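A quick write-up on the structure given underneath.
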Amino acid sequence: MLKTFSIGGIHPNDSKISAGCAIEVLPLPSKVYISVAQHLGAPANPVVAVGDKVKAGQVIAEPAGFISAYVHSSVSGTVKSIGPRKDLAGNNMTHIEIDVEGDEWADGIDLSDTLVTAIPEDNKEILDKIKMCGVVGLGGATFPAHVKLCPPPGKKADCLILNGAECEPYLTSDYRIMLERSKEIVVGAAIMKQVLGGCPAVIGIEENKPEAIKVMTAAVAELQASAKGYDGISVMPLKKKYPQGGEKQLIDAVMKRQVKSMGLPIDVGAVVQNVATSLAVYEAVQKNMPLVTNVLTVTGDCLPMENQHNYKFRIGMPLSYIAEHAGGIPEEAAKIISGGPMMGKAIANLDAATVKGSSSLLYLTAAQTVRGVESACIRCGKCAEACPMGLEPFLLQKYARNNMTDELEENAVQDCIECGCCLYSCPANIPLLDIIRIAKGDVIRIIRTRK
Amino acid sequence: MEKLLVSPSPHLHTKTSTKSLMRDVVIALLPAVVVSVLFYGWSELLVLGVSVASCVLLEYLITKYLLKGTCTIGDWSAVITGVLLALNLPATTPWWVVFIGAVFAIGVAKMTFGGLGQNLFNPAIAGRVFLLISFPTYMTDWTKPQGFIGNAVTDAYTGATPLGLVSEGGAGAVEGMDYMNMLFLNIGGSAGELSAVALLVGFVYLLARKVIRPYITLSIWATVAVFSGIFWLINPAEFTDPLFNLLTGGLLLGSIFMATDYVTSPMSNWGGVVFGVGIGLITMLIRYFGAYPEGVSFAILIMNSVVPLLNKWFHTKKYGR
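Have a look at this one:
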């Protein structure tokens, strides 16, 4: 019996159409627009001026607080402008526009493919490198990685969990890096494990990716046989169920522990990092390579097979550039999503530029995505059955529609992880999550002001 | 592509809809419908036809002219009420009595509360109990009409249901009754009670299609089996045995199709278990000590009224709490 999380979950068709497409490197565009807010926390402060010459990998914005991150130029060229531009969410955010000239990298960055397996001994040096290279969590939340790797005093990590679940339908970028960069990911895991004090590391991968399970297991075995510091790393196949890759769900699946409401994973001794983050940690620590590239899936049922891609992109590339390179927007596309179909953002146009956490450009047709007409709740309880947090969405939406904040808090609306299982499952097309999301924001604000 | 759609996540939706769920319930009822029509013939077809047609028509008229809102007959729920009401009546019920039952089921029990999703009581059962109290003679006339096939199996007991016999003559009255007959072709009773196997096939279908969860049904069965088992072991001469109680008096029809009605049953699994135990207990108390030979309908109605409380008391197990 394969492990999985214990409460709720759904089984949407996984639609991994682009799984067979090897990672291709996108050619450089003529311009990039690099946002200063590519991470959770305070937007970074630009440290370059218009007209400055920059090299790829050079710092162009510095963190503006404890929870913030460095931003680097992904290309070499001249800073053309610094000013507001619409980001993926449609909000105005400071972007640094750079005209691309050649492809010259900052000093000290190792651009070779050579695998470096020897792990530096000094943990402080490792954490500094992770911080200086602007590594953030690439599983969706883009939380600065070095913060997560420094448990607060009194808390100890019992297990590092690498998230290779990729439970969102359609996305295949994590799958591809697990196949093509398996050893680098394992080295990254060993580095993070050492920083955390030598706890075991478990790489969780869903059973619908047998090839990734095989390749990652082999990579772990090979590194354990040939280098030091790789003991205690293992691959754990998981049952296919959405949202397996949710942090709280993955901890439940792998460690059989549950994070308390409003608590942090480290409270139960868990640190969760995405496999893509592990690769970024490897690049930062072993190669001095800042986080300026990532892998993104271009996919959709309405996209011809030859136009399905997994691209290695430089951050700041406009989505329109990537879409054109992949053969244009398909006729039937009614909605374009940045991210997975369950939690990703629908975007109004392709003007926005890619960020560190960009994972996909997904085209959905009207038939797939247009919601049905809302009808009466038939009290089937399917939303409560699907909720991986054990909440009762039918009840929460009722309270939310009546602004009953006390009842909402009692029934744990603040625990909602916005995975979308309730809305996905509702046979009456009730916009459960839309309503609950707003109520959750209100209740969390109330809880904060109380403190 | 002209303009892109923008909406909050999630961007995908299950294919399961209210309509498809309700249609699945109708499909699950088909085996029982087919068996009842085969064995009760034209009169059963008439009961079914009048019941379904009047339920759908009444809901149409009420939503359209009385409530002046969206017409909801497309969701198939009125069809379910119609089929269930018909299966809960003797095949000999006159058409106008069936119609009155439909008026009460849809007009009173369902639409006065606000239609699908709002009703406190299961409409079909409410309709049946209304008829049982208003027209007791029609509702207990178990004369067997001429069916399309078979006659022999049922001849011996024509004129009374097994539970009716027990009610009058004690457990001895049904001694030697063949359970295999009851499993496949029950004797006298409401049309839907005819074949346990047909109902069980429907149950398996509903579970396989994930339309219902098994907790309510199984806890009813377990309660009835345990309760009657204890009494039967103490005094087999007076009390009927567990299997007899499970197979007769509409217990299967009620526990599979009516106690599991989404709207009128608890939302949580534990709430469902308590709901089922309550139905089982009340059913057996009525059967052993009450005035009516069976008791499933009353038991379900009584427990329907407790559902809001059960929903308040029993919640799902929350993550990390």
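For the record, the sequence lines run as chains A and B.
The number in my numbering is simply the position in the first sequence, starting from 1, with 8 added.
Just so we're aligned: -3 in my numbering is position 8 of the second sequence, and the numbers increase by one with no gaps anywhere.
Even for Gly, the Cβ is constructed at its ideal location relative to N, Cα and C.
Quick caveat: nothing in here was measured; it's all calculated off a predicted structure.
Tell me residue i's beta-bridge partners as DSSP assigns them.
i      : result
A/K94  : A/N100
A/W113 : A/A64
A/D239 : DSSP lists no partner for A/D239.
B/L121 : BP columns for B/L121 are empty, so no partner.
A/S89  : A/E105
A/A361 : A/P326
A/L39  : Checking the displayed sequence, the identity of residue 39 of chain A turns out to be Lys instead of Leu. Answer by DSSP bridge pairing, in chain order: A/D107.
A/N411 : Answer by DSSP bridge pairing: none, since A/N411 is not bridged.
A/S368 : A/T305
A/Q281 : A/L170
B/N258 : DSSP, once it has assigned bridges, lists no residue as partnering B/N258.
A/I355 : A/I344
Using a Cβ-Cβ distance cut-off of 8 Å, determine whether residue i contacts chain B.
i      : result
A/A354 : yes
A/Q405 : no
A/I452 : no
A/G312 : In the sequence on display, residue 312 of chain A carries Pro and not Gly. Chain B, which has no Cβ nearer than 8 Å to the Cβ of A/P312, makes this no.
A/A173 : no
A/Y329 : no
A/N410 : no
A/A461 : Any answer about residue 461 of chain A is impossible in this case: the structure gives chain A only from 9 up to 459.
A/Q252 : no
A/P177 : yes
A/G336 : no
A/Q376 : yes
A/R445 : yes
A/V436 : Just to set this straight, residue 436 of chain A is Ala in the shown sequence, not Val. Yes, A/A436 lies at the interface with chain B (some Cβ there is under 8 Å from its Cβ).
A/I455 : no
A/D442 : yes
A/I241 : no
Starting from the beta carbon of residue i, find every residue of chain A whose beta carbon is closer than 7 Å, and list them in chain order.
i       : result
B/S(-4) : A354
B/G238  : Within chain A, no residue comes near B/G238; the closest Cβ sits about 27 Å away, beyond 7 Å.
B/V252  : I386, R387
B/T305  : A392, G398, E400
Just the chain B side, please: which residues come within less than 9 Å of residue i by C-beta, in chain order?
i      : result
A/V267 : Y308, G309
A/P396 : Y308
A/I345 : S(-2), H0
Output, in chain order, the set of chain B residues within a Cβ distance shorter than 8 Å of residue i.
i      : result
A/M351 : S(-2), P(-1)
Looking at the C-beta of residue i, does it have a partner C-beta in chain A at a distance below 8 Å?
i      : result
B/M292 : no
B/Y204 : no
B/D13  : no
B/Y194 : no
B/A141 : Annotation note: pLDDT 41 at B/A141 (below 50); position unreliable, no value reported.
B/G26  : Looking at the sequence provided, one finds Val at residue 26 of chain B rather than Gly. No, because no Cβ of chain A sits closer than 8 Å to the Cβ of B/V26.
B/T7   : yes
B/G104 : yes
B/L10  : yes
B/L207 : no
B/A145 : With a pLDDT of 41 at B/A145, under the threshold of 50, the modelled position of this residue cannot be trusted; read the value that follows with caution. False, the Cβ-Cβ gap to chain A never drops below 8 Å.
B/L121 : no
Using only the heavy atoms of the ligand MN, determine whether one of them is closer than 7 Å to the beta carbon of residue i.
i      : result
A/L272 : By its list of ligands, the structure shown contains no ligand whatsoever, and the ligand MN lies outside what it can speak to.
Mind pulling the chain B residues with CB within less than 7 Å of residue i?
i      : result
A/D379 : The amino acid occupying residue 379 of chain A in the given sequence is Arg; Asp does not appear at that position. Those within 7 Å of A/R379 in chain B are H2.
A/G389 : M256
A/G428 : S(-2), P(-1)
A/L372 : H0
Which chain A residues sit within Cβ distance under 8 Å of residue i?
i     : result
B/D64 : S383
**Message:** Within 8 Å, do at least three Cβ pairs link the segment 143 to 153 of chain A to the segment 111 to 125 of chain A?
**Reply:** no
**Prompt:** Which ranges does the alpha helix (DSSP H) cover as unbroken runs of at least 4 residues, wholly within the segment 57 to 114 of chain B, from first to last along the chain?
**Reply:** 66 to 76, 84 to 91
**Request:** Can you check the segment 302 to 352 of chain A for any alpha helix (DSSP H) of at least 4 residues that lies completely inside it and give the ranges in chain order?
**Result:** 327 to 333
**Asked** Just checking, does the segment 229 to 244 of chain A make contact with the segment 276 to 292 of chain A on the three C-beta pairs under 8 Å criterion?
**Response** no
**Message:** I want to know whether the segment 237 to 256 of chain B touches the segment 184 to 199 of chain B - three or more CB-CB distances under 8 Å.
**Reply:** yes
**Prompt:** Does the segment 3 to 21 of chain B come close enough to the segment 57 to 77 of chain B that 3 or more CB-CB pairs lie under 8 Å?
**Reply:** yes
**Request:** Spell out a yes or no on whether the segment 310 to 320 of chain A and the segment 281 to 292 of chain A are touching, meaning 3 or more CB-CB pairs, one atom from each, closer than 8 Å.
**Result:** no
**Prompt:** Which runs of the beta strand (DSSP E) fall wholly inside the segment 192 to 245 of chain A and span at least 3 residues, in chain order?
**Reply:** 209 to 214
**Message:** Within 8 Å, do at least three Cβ pairs link the segment 34 to 41 of chain B to the segment 445 to 455 of chain A?
**Reply:** no
**Asked** Pairing CB atoms from the segment 331 to 346 of chain A with CB atoms from the segment 437 to 445 of chain A, are three or more of them under 8 Å?
**Response** no
**Prompt:** Taking three-plus beta-carbon pairs below 8 Å as touching, is the segment 229 to 241 of chain B in contact with the segment 289 to 300 of chain B?
**Reply:** no
**Prompt:** Between the segment 360 to 367 of chain A and the segment 316 to 326 of chain A, do at least 3 Cβ pairs fall closer than 8 Å?
**Reply:** yes
**Item:** Three-pair Cβ contact test at 8 Å for the segment 417 to 431 of chain A versus the segment 42 to 58 of chain A
**Value:** no
**Request:** Write down every uninterrupted run of the alpha helix (DSSP H) in the segment 408 to 452 of chain A whose length is 4 residues or greater and which is fully enclosed by it, in chain order.
**Result:** 413 to 418, 429 to 433
**Prompt:** Are the segment 81 to 98 of chain B and the segment 45 to 54 of chain B touching, with three or more C-beta to C-beta distances below 8 Å?
**Reply:** yes
**Asked** Taking contact to mean at least 3 C-beta pairs separated by less than 8 Å, is the segment 341 to 349 of chain A in contact with the segment 51 to 63 of chain A?
**Response** no
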